[in-house]
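See structure below.
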Amino acid sequence: MRTEERQRTPVFVRKVRRFWWLDTVPFRRFVLRELTSVFVAVYSVILLLFLLALSRGREAYEGFLRWLDLPGIVVLHVVILAAVLYHTVTSIQLASQIQEVRLGGKVLPRTFLAAGLAAGWVVASAVVAYLHVWR
Amino acid sequence: MAKSTRPARAEPFFWLLFTAGGGVSAFLFPAHIVILGIAWAAGWLPDDALSYDRIVGLVQNPLTKLYLFVLVVLPLFHAAHRIRYGIRHELRVEENKHVVASACYGAAFVGTALTASILLRI
């Protein structure tokens, strides 16, 4: 019944330009943020290759470390880091806008929330670095 | 038309994985990228920091394995979800929606199985 009705009624479908996301700066920033997920996927695969090499024994693992030493691979990691940091910063901004936190009946200012999340990120990174490198 | 009005029952599940993976990659990836990808090659780490014996010892701990599983798998689902909708909305490929979704999440599931099997062999 409903689908028949839909077919008979003219429906307004807004025409969207193919590269609509190039039109304004906020759209471009939005797409840049979406694009960071590709770099996230690439880094997940790199971590997977690291674990694969580790599971194959000493020689494979040391081969992987030599691969990490290649200048092109270091440049790739700098690019991945830039993309992931954009993802991190925008995620913290976004989370502090979405989530309202009340303490003792008062709404916590958004900047406090963003600062708290950023501090949590710094602490998490320090814990990872400590366990990964120094412990 | 009738098909597209079907409720998307799997959507909340994938959205949850997407958000969790977004958080994991935002908070934990930068440290790993700096350590393995930049600091090691630059020589900023102690010489034995990434030695085979040390890293194997670290990864053989079940808690480390659990951490690494979460670290690798959740961001895969994050990316799968974003790429799925990026293909539809930014690349404007609106046909074969189910094929695109299956390919994206399918790749993430394959990555999940690989991660689990590799971690169990270390």
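Those sequence lines, one after another, are chains A and B. Under my numbering, read the first sequence as residues 510 to 644, first letter to last. Under my numbering, read the second sequence as residues 464 to 585, first letter to last. Virtual Cβ for every residue (Gly too), placed ideally from N, Cα, C. All figures in this text were calculated on a predicted structure; none of them were measured in a lab.
In the assembly as shown, L479 of chain B is an exposed residue. Its beta-carbon has fewer than 16 other beta-carbons within 10 Å. A628 of chain A: member of the alpha helix (DSSP H) spanning 619 to 638, first to last residue. When the alpha-carbon of P475 of chain B is set against those of B:R551, B:F540, B:N559, the nearest one is in B:F540. Less than 9 Å divides the Cβ of S546 of chain A from the Cβ of A542 of chain B. The alpha helix (DSSP H) runs of length 4 or more contained entirely in the segment 492 to 579 of chain B are, from start to end of the chain, 515 to 523, 525 to 552. Between the segment 547 to 564 of chain A and the segment 572 to 584 of chain B there are three or more inter-stretch CB-CB distances shorter than 8 Å, so the stretches are counted as touching.
Per DSSP, the beta bridge partners of K615 of chain A are A:L612.
Taking 9 Å as the threshold, the shortest C-beta distance from L582 of chain B to chain A falls below it. For the pair D511 of chain B and R517 of chain B, the Cα-to-Cα distance works out to about 7 Å.
Distances from the CA of P580 of chain A to each of B:L534, B:R555, B:G500, B:E558 were compared; the closest alpha carbon is that of B:G500. Taking a beta-carbon distance threshold of 9 Å, S565 of chain B does not count as an interface residue toward chain A. Distance between H544 of chain B and L560 of chain A, taken at the CA atoms: about 24 Å. Judged by beta-carbon spacing, L541 of chain A lies beyond the 9 Å limit of Y515 of chain B, meaning their Cβ atoms are not closer than that value.
The DSSP-derived three-state label of V520 of chain A is coil. Among the residues facing chain A, P493 of chain B is included, as its CB has a counterpart in that chain under 9 Å away.
V593 of chain A and I496 of chain B do touch by the CB rule: their CB atoms are close to 6 Å apart, below 8 Å.
The shortest C-alpha to C-alpha distance from A483 of chain B to any of B:T578, B:V536, B:I550 is the one to B:V536. For F572 of chain B, none of the residues of chain A pass the 8 Å Cβ criterion, the least Cβ distance being about 13 Å. Within the same chain, and ignoring the five residues on either side of K528 of chain B in sequence, the residues whose Cβ sits closer than 6 Å to its Cβ are L582.
Interface flag for F490 of chain B against chain A is set, since a Cβ pair is found closer than 9 Å.
The DSSP-derived three-state label of I601 of chain A is helix.
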